[in-house]
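Peer 1: Just so you know, we're using our numbering here: the sequence shown kicks off at 1 and counts up by one.
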Amino acid sequence: MIKQFANYTLIGIVNTGIHWLCFFILHAMAGVPQSMANLCAFICAVVFSFFMNAKFTFQAKTDVKSFISFSLFMAAVSWLVGFYAEHIQLHPLATLIIFSAMSLVLGFIYAKFIVFRRKK
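Structural data, given as structure tokens:
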């Protein structure tokens, strides 16, 4: 499990880079509104994360149901963290840091025990 978490973390680092790069290109360079740029960046990052973790972290086959499950779970975590952060007026950088940490741990647990669990 430690090796899986290490792989998940490495993919998560690349995933974060993809999210931030897509957001920067869309928002800062192309002038896309922040909310739409973040949504598009999130989608790119989730697609990358799902397929890379399926192949390299969990050695699992993928299907539409597991992809939708993982994507919706990660979207819910993202929205809940953002909603709560706005409610308590948390600084945006703190929100990103908290989301990154929470999504790493919760995403790994959800992927390992729900999405890519081994069938008995």
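Quick reminder that beta carbons are idealized off the backbone N, C-alpha and C, glycines included.
Values in this document were obtained by computation on a predicted structure and should not be read as measured data.
With a 10 Å radius around its C-beta and 16 neighbouring C-beta atoms as the bar for buried, classify Ser35 as buried or exposed.
Peer 2: Taking the sequence shown and counting its residues from 1, the one referred to as residue 35 is at position 35. Ser35 should be labelled exposed.
Peer 1: For Ile88, which of helix, strand or coil comes out of DSSP?
Peer 2: Residue 88 sits at position 88 when you count from the first residue of the sequence shown. Three-state result, Ile88: coil.
Peer 1: Between Phe42 and Ser78, which are expected to be in contact by the criterion C-beta below 8 Å, what is the C-beta distance as a whole number of angstroms?
Peer 2: The sequence position of residue 42 within the sequence shown is 42, counting from 1. The sequence position of residue 78 within the sequence shown is 78, counting from 1. The pair is a contact, with the Cβ atoms about 7 Å apart (cut-off 8 Å).
Peer 1: Rounded to whole angstroms, what's the CA-CA distance from Ser103 to Pro92? Just pull it up for me.
Peer 2: The residue given as residue 103 occupies position 103 in the sequence shown. The residue given as residue 92 occupies position 92 in the sequence shown. Whole-angstrom Cα-Cα distance: 16 Å.
Peer 1: Between Ala76 and Leu39, what straight-line distance do the alpha-carbon atoms span, to the nearest angstrom?
Peer 2: Residue 76 sits at position 76 when you count from the first residue of the sequence shown. Residue 39 sits at position 39 when you count from the first residue of the sequence shown. Taking the straight line joining both Cα atoms gives about 13 Å.
Peer 1: If the criterion is Cβ atoms closer than 7 Å, does the pair Phe5 and Phe108 meet it?
Peer 2: Reading the sequence shown from its first residue, position 5 is the one you call residue 5. Reading the sequence shown from its first residue, position 108 is the one you call residue 108. Contact: yes.
Peer 1: With Phe56 and Lys112 assumed to form a contact (beta carbons below 8 Å), what rounded beta-carbon distance in angstroms separates them?
Peer 2: Your numbering for residue 56 matches position 56 in the sequence shown. Your numbering for residue 112 matches position 112 in the sequence shown. The beta-carbon distance between Phe56 and Lys112, rounded to whole angstroms, is 14 Å. This is too long to meet the 8 Å contact definition.
Peer 1: For Phe56, which of helix, strand or coil comes out of DSSP?
Peer 2: Taking the sequence shown and counting its residues from 1, one reaches residue 56 at position 56. Three-state DSSP puts Phe56 in a helix.
Peer 1: Lys61 by DSSP, collapsed to three states: which one?
Peer 2: Walking along the sequence shown from the start, residue 61 turns up at place 61. Coil.
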